[in-house]
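Here's the structure, in structure tokens; my notes come after.
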Amino acid sequence: MRKKELKIYIMITKGNKSSYVKTIYIYIYMNLIIFIGVPGCGKSSAAREVAKKWNLGISSWKEIVVNENGSGFFEPEQGDWPEFATAQSEHLDDFSMMTWFRAIHVPFLYKAKKISEEGKTAIVDSYFDKLTYSYLGKEPWLMQSDNKYFNIMKQICELDREEIPNPDYLIFVKVDQQILTEFLKRRGRESDSAPEYTASAISFQERLLAETEKLCQEKGIKLIVFQQEISSPQIVADKIIAELKSRGLEIGNSSSQSRSLPVSKDSKISPQQSTSTQNNNEKQWYKKAFYWPVWTGVILISSLVAFYYWGKKKNDKKEK
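As numbered in our numbering, residues -19 to 300 make up the sequence shown, in order.
Have a look at this one:
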């Protein structure tokens, strides 16, 4: 959890003799929460339900919706994919498919980071692009090294691993083969629910989890591995929220007010006192800096006048 501290200084003056300064500290909690997992594991359903429970805006690749609480960003459903991304033929263009998905995912991540830095909560249901570099050319369903765009894509993925924002919490939705098969059947994806596909997906899940753990260790990201279950998305969301809170998640702003500190012309402010006192001391210094030239001028003029009359008196005595 990242935390930004804001300070508000309030100067209260009573008469002409004394002043009091109050400092209000406002802590803005910056929460960027990202879900990751194999296709069909239920990460998007869980992420969407968490966003609803927290009353976040729901954003898609077609429309960004941000309210006072934040926003949840969700990748397009398969029905919204372009033809080249769904076609199972020799005309499938791996580079175009990957860049199309990247053009949706990566702006989501940067927008989500900006929202979180404003003290709101942002949820994203995909973190694929941050980890693609680790298995590009190694998975049969992904771009292979003999593709003419492979080196270009590898450079893009390498940059993405370093530059794409890191979340505060990364939730890995882990699923077993039986549950994955059931989820895919519910969605009407019979071909994907075949034992060959689900076995391959579970095998990839282990490699994906290993790379996720490595990334979290390198970047200091809090990782939550959630074991998926066959239940309603609402129940899953409640369990994820409970786990987030147990890891120190704070939603919204909290503020505290410091004690009043007296300030007067005779007060001495030590280096050990609070920043608010030091700030008030600077105001006192400014006040003194304004009066010093005036008093210096008065003293200088008085000295010149006194010196003039002293010299004149001395000359008068000599003439006598």
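Note that CB positions come from ideal geometry on N, CA and C, so glycine has one too.
- Counting of Cβ neighbours within 10 angstroms places SER39 among the buried residues, the total reaching 16 or more.
- Non-local beta-carbon contacts of ASN11 in its own chain, meaning distances under 6 angstroms to residues more than five positions away in sequence, involve SER96, THR101 and ASP148 in chain order.
- Between the C-alpha atoms of GLU43 and ALA83 there is a straight-line separation of about 14 angstroms.
- Between GLN197 and LYS154, the C-beta gap is not smaller than 8 angstroms, which leaves the two residues out of contact.
- Under the DSSP assignment, LEU150 falls in the beta strand (DSSP E) whose first and last residues are 149 to 154.
- When C-alpha distances from LEU160 are compared across LYS23, ILE14, ILE13 and PHE15, the shortest belongs to LYS23.
- For ALA102, there is no enclosing alpha helix (DSSP H); the enclosing beta strand (DSSP E) covers residues 101 to 104.
- Cβ-Cβ distances below 8 angstroms link ARG28 to ILE38, GLY52, PHE54, ASP105 and PRO213 in the same chain, with the five nearest sequence neighbours on each side left out; the list follows chain order.
- Here ASN146 carries a coil assignment [DSSP, helix/strand/coil].
- Between the alpha carbons of ASP126 and MET133 lies a distance of about 12 angstroms.
- Assignment of beta-bridge partners to ILE14 by DSSP yields VAL104 and LEU150.
- In the structure shown, LYS202 adopts extended strand secondary structure according to DSSP, grouped into three states.
- Beta-bridge partners assigned by DSSP to GLY22: none are found.
- Residue environment: GLY17 is assigned as buried (16 or more neighbouring CB atoms within 10 Å of its CB, all protein chains considered).
- Buried is the label assigned to SER25, since at least 16 other Cβ atoms lie within 10 Å of its Cβ.
- The beta carbons of ILE144 and LYS110 sit about 5 angstroms from each other, so the pair counts as a contact at 8 angstroms.
- Counting along the chain, the unbroken beta strand (DSSP E) around SER51 starts and ends at 50 to 53.
- Residue environment analysis places LEU284 among the exposed positions, since fewer than 16 neighbouring C-beta atoms fall within 10 angstroms of its C-beta.
- In the DSSP assignment, no residue is bridged to GLY117.
- The three-state reading of DSSP puts SER39 in strand, counting E and B together.
- Residues of the same chain with a CB within less than 8 angstroms of the CB of PRO87, apart from the 5 flanking positions on each side, do not exist.
- When secondary structure is reduced to three states using DSSP, GLN207 falls in the strand class.
- Nearest C-alpha to ALA92 among ALA31, GLU162 and ILE182: ALA31.
- Taking TRP41 as the centre and dropping the five residues before and after it, the same chain places the C-beta of PRO56 and ILE84 closer than 6 angstroms to its C-beta, in chain order.
- Considering only ARG166, LEU150 and ALA217, the residue with the shortest C-alpha distance to LEU89 is LEU150.
- The shortest C-alpha to C-alpha distance from CYS21 to any of ILE136, PHE152, GLU223 and GLU176 is the one to PHE152.
- Going by DSSP, GLN157 is part of the alpha helix (DSSP H) stretching over 157 to 166.
- With fewer than 16 other CB atoms across the displayed protein chains lying within 10 angstroms of its CB, ILE210 is exposed.
- DSSP places ALA174 in the coil class of the three-state scheme, outside both helix and strand.
- Within the same chain, Cβ atoms closer than 8 angstroms to the Cβ of ARG167 are found at GLY20, the five residues on either side in sequence being excluded.
- Nearest C-alpha to ILE204 among ASP218, LYS194, GLU223 and ALA217: GLU223.
- In the DSSP assignment, ARG82 falls within the unbroken alpha helix (DSSP H) covering 74 to 97.
- Taking the Cα positions, TRP34 is about 17 angstroms away from SER226.
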